[in-house]
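Heads up: the structure comes next, in structure tokens.
Numbering (this note's numbering), first residue to last: 5 to 290.
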């Protein structure tokens with residue numbers, strides 16, 4: 005039997021979920037704009053390809069003028085805008101879905117935009133041949149296309165397909181990475197809220213040689229004694245402020261589940277004072 009009115013609880017959840025839905029809508033709108041810029045770049049590429057492609061299967065009298073492509077600006081605006089915006093999109097997705105999932109999701113969205121832009125650009129900008137597979141000169145000497153001409157003309161089909169297949173593979177990999185990230189987050193919070201807290205000491209530090217957002221990714225080992233008096237060591241990897249990288253011998257805070265003190269995935273590690281130890285774990289203890 006519940007002591008809470010179900011209707012009131014549903015209203016409370018809807019009110020709390022409102023800002024979250026708006027935030028997600030803004031995030032995915034941001035992702036769509038970024039993907040659209042890459043699609044704009046791909047559209048500009050097809051326009052730039054028009055003269056070179058059509059000159060391989062059309063006689064000079066039928067070819068478009070060899071002037072500067074009229075939509076060349078799309079290529080540059082899309083490329084530079086997409087690269088700049090991708091940094092912000094990647095950071096936003098990383099904060100929601102985790103580092104690797106966010107990065108792969110960003111690439112998947114951008115490749116999808118490029119695929120759609122290339123397909124639409126080929127349909128709109130490429131001048132079709134009189135007969136697919138043959139060049140029809142005015143003197144009647146019909147010539148079959150060579151392999152390069154076939155590859156160029158059919159790229160309107162195989163290029164978007166290839167990009168979409170890569171995007172799908174990245175999206176699937178991003179989902180797997182997100183599930184692992186969500187599991188780590190859930191276990192870390194479980195350790196923080198339900199686990200036993202004990203002091204620990206850093207015994208090893210190893211620089212992985214990787215920096216993300218100017219933060220070095222460091223693998224560290226923390227020694228602690230569990231509630232039964234057994235000495236244990238846990239290895240974690242995390243990002244650190246370059247001005248606040250811990251050192252061997254520094255103190256740490258360790259949370260573990262009493263029933264499973266040896267399961268490293270269910271151990272959380274934090275640094276700093278008692279007041280900010282919980283926050284430190286969520287940013288550096290993964």
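We put the beta carbon where it would ideally sit given N, CA and C, even for glycine.
Top-ranked residue by Cα proximity to residue i, from the options
i	options	result
residue 47	120, 34 and 172	120
residue 37	56, 68, 94 and 178	94
residue 75	135, 125 and 179	125
residue 90	77, 109 and 179	109
residue 193	272, 173 and 232	272
residue 145	232, 197, 54 and 62	62
residue 128	107, 175 and 53	53
residue 86	113, 70 and 170	113
residue 228	244, 251 and 259	259
residue 50	39, 77 and 230	77
residue 154	163, 147, 137 and 170	137
residue 118	131, 98 and 164	164
residue 268	274, 244, 237 and 243	237
Those residues which DSSP pairs with residue i across a bridge
i	result
residue 209	224
residue 219	216
residue 148	138
residue 204	228 and 256
Length of the line joining the Cα atoms of residue i and residue j
i	j	result
residue 83	residue 45	6 Å
residue 215	residue 249	13 Å
residue 188	residue 207	23 Å
residue 257	residue 241	15 Å
residue 26	residue 32	Below a pLDDT of 50, predicted positions are generally treated as unreliable, and residue 26, at 48, falls in that range; the measurement from the model is reported next regardless. The alpha-carbon atoms of residue 26 and residue 32 are separated by roughly 10 Å.
residue 177	residue 135	42 Å
residue 202	residue 253	16 Å
residue 102	residue 29	18 Å
residue 276	residue 172	41 Å
residue 185	residue 221	16 Å
residue 218	residue 246	8 Å
residue 157	residue 57	7 Å
residue 159	residue 105	30 Å
residue 233	residue 265	11 Å
residue 35	residue 190	26 Å
residue 270	residue 239	12 Å
residue 22	residue 167	Confidence is the limiting factor: at residue 22 the pLDDT is only 42, short of 50, which leaves the residue's position unreliable, though a coordinate-based value still follows. Computed Cα separation, rounded: 35 Å.
residue 199	residue 107	32 Å
residue 122	residue 274	48 Å
Opening and closing residue of the alpha helix (DSSP H) in which residue i lies
i	result
residue 185	151–198
residue 100	76–101
Residue range of the unbroken beta strand (DSSP E) whose run includes residue i
i	result
residue 236	235–243
residue 259	255–260
residue 272	272–274
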